[in-house]
Structure formats: structure tokens, C-alpha cells
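Residue numbers (my numbering): 4 to 143. All residues carry an ideal CB built from backbone N, CA and C; glycine is no exception. As the structure is a prediction and not an experimental result, all values here were calculated from the model.
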Amino acid sequence: MLLYEAEQYFSDDIKSLAELDFSGATMRDNLIRTISHFHSSPRFMHAYMVELGNETPSAQKLEKKLKKENLFIMERLLSQAQLNGEIKHTVTDYVKLLPFNLLLYQVMIDQAEVTDAWVNQMIDEVALPAIMAQQKELHH
4 MLLYEAEQYF SDDIKSLAEL DFSGATMRDN LIRTISHFHS SPRFMHAYMV
54 ELGNETPSAQ KLEKKLKKEN LFIMERLLSQ AQLNGEIKHT VTDYVKLLPF
104 NLLLYQVMID QAEVTDAWVN QMIDEVALPA IMAQQKELHH
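What follows is the structure, given as C-alpha cells:
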């Protein structure tokens with residue numbers, strides 16, 4: 004039952020995230036808005052964590068789908084940042100998934116509340132520096 008709820012919530016949630024308009028905002032603001040969107044959904048996060056812990060095939064399928072959708076969202080967000088002149092290059096998938104992975108870690112491992120302050124700090128101290136570091140490197 005929890006997996007069904009997670010999948011339903013995920014479908015609705017991702018649809019609304021996929022339709023987010025990233026224009027007219029900075030990359031930082033868009034990152035904060037994207038991650039805040041997930042942490043404002045404690046019911047989904049709880050259902051998702053329970054299913055991940057069960058390691059069922061359907062949970063693994065949901066995890067793959069979530070990863071794919073997160074990459075799609077980040078591609079759109081980073082494309083807008085390129086159009087705005089904030090970055091020149093896209094980044095690796097590892098860096099694209101970093102904010103989402105840290106959010107999961109915060110919820111699963113630390114079992115700490117995800118506050119606006121935490122989201123801002125994670126974006127400012129981890130996600131943005133990781134994205135900007137890859138602007139200096141030559142991509143192979």
C-alpha cells in the first residue's frame with residue numbers, strides 16, 4: 004500500500020516539478036525551489052524510504068524512475084542557468100543527483116528534519132560549489 008501511495012504521489016509531484024518554470028530566477032533559487040518541493044512532501048518521503056528499505060523489485064523500479072526524473076529536472080534547470088550565463092557547461096550526472104542524494108541521506112540516515120535553512124546551506128555549501136567546480140574542468 005505504501006508503495007502505491009509513493010508511486011501515485013511521485014507521479015503527481017514529478018509532473019508538477021517537470022512543469023516548473025525556471026526562467027526569471029537564478030540557478031541558486033531554482034535549486035532551492037526544486038529541493039524544497041521534495042522536502043515539503045513528508046508523506047511521499049516516508050513511503051519512499053520504507054519501500055527502499057524493503058528492496059523490492061517495485062521499489063527498485065521506483066528508484067530508477069526517480070533518478071531519471073531528477074536528471075531530467077536538473078537538465079532543465081542547468082539549461083536555464085546556461086541561457087542566463089551563470090554556467091558554460093553542463094555537469095556530470097553525479098553532480099546533478101547530488102542535491103537529491105543529500106536530501107535522501109538527511110531523511111534516511113540522519114533522520115533529521117529538512118528545514119529551509121538546511122536546504123539553503125546544502126545548496127550554498129555543496130551543490131553550487133560542485134556545479135561551479137565543473138565549470139573550470141575540461142570535459143572529456
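Quick one: grab the DSSP three-state call for residue 88. Walking along the sequence shown from the start, residue 88 turns up at place 85. Reduced to three states, the DSSP call for residue 88 is coil.
Does DSSP put residue 39 in a helix, in a strand, or in coil? Against the sequence shown, residue 39 aligns to sequence position 36. Looking at residue 39 - three-state DSSP - the assignment turns out to be helix.
Given residue 120 as reference, the closest of 106, 66 and 80 once Cα atoms are compared: In the sequence shown, residue 120 corresponds to position 117, counting from 1. The shortest C-alpha separation from residue 120 is found at 106.
Determine whether the beta carbon atoms of residue 34 and residue 136 lie at a separation below 8 Å. Along the sequence shown, one-based indexing puts residue 34 at 31. Along the sequence shown, one-based indexing puts residue 136 at 133. No, they are not a contact pair.
Neighbourhood of residue 77 by C-beta, 6 Å cutoff - its chain only, sequence neighbours within 5 removed: Along the sequence shown, one-based indexing puts residue 77 at 74. For residue 77, where only same-chain residues beyond five positions count, the Cβ hits under 6 Å are 99.
With a cut-off of 8 Å on the beta carbons, I'd call residue 138 and residue 92 a contact; round off their distance for me. Counting from one through the sequence shown, the residue named residue 138 turns up at place 135. Counting from one through the sequence shown, the residue named residue 92 turns up at place 89. At roughly 6 Å, the Cβ-Cβ gap stays under 8 Å, so residue 138 and residue 92 are in contact.
Buried or exposed: residue 73, going by 16 or more other Cβ atoms within 10 Å of its Cβ? Reading the sequence shown from its first residue, position 70 is the one you call residue 73. So residue 73 ends up on the buried side.
Within this structure, are the beta carbons of residue 41 and residue 83 separated by less than 8 Å? The residue given as residue 41 occupies position 38 in the sequence shown. The residue given as residue 83 occupies position 80 in the sequence shown. No, the pair does not count as a contact, with Cβ atoms beyond the cut-off.
At the level of alpha carbons, what is the spacing between residue 69 and residue 61? Numbered from its first residue, the sequence shown carries residue 69 at position 66. Numbered from its first residue, the sequence shown carries residue 61 at position 58. When rounded, the distance between both Cα atoms is 12 Å.
Residue 55 versus residue 66 - alpha carbon distance: As a working note, residue 55 is residue 52 in the sequence shown. As a working note, residue 66 is residue 63 in the sequence shown. Taking the straight line from one Cα to the other gives about 8 Å.
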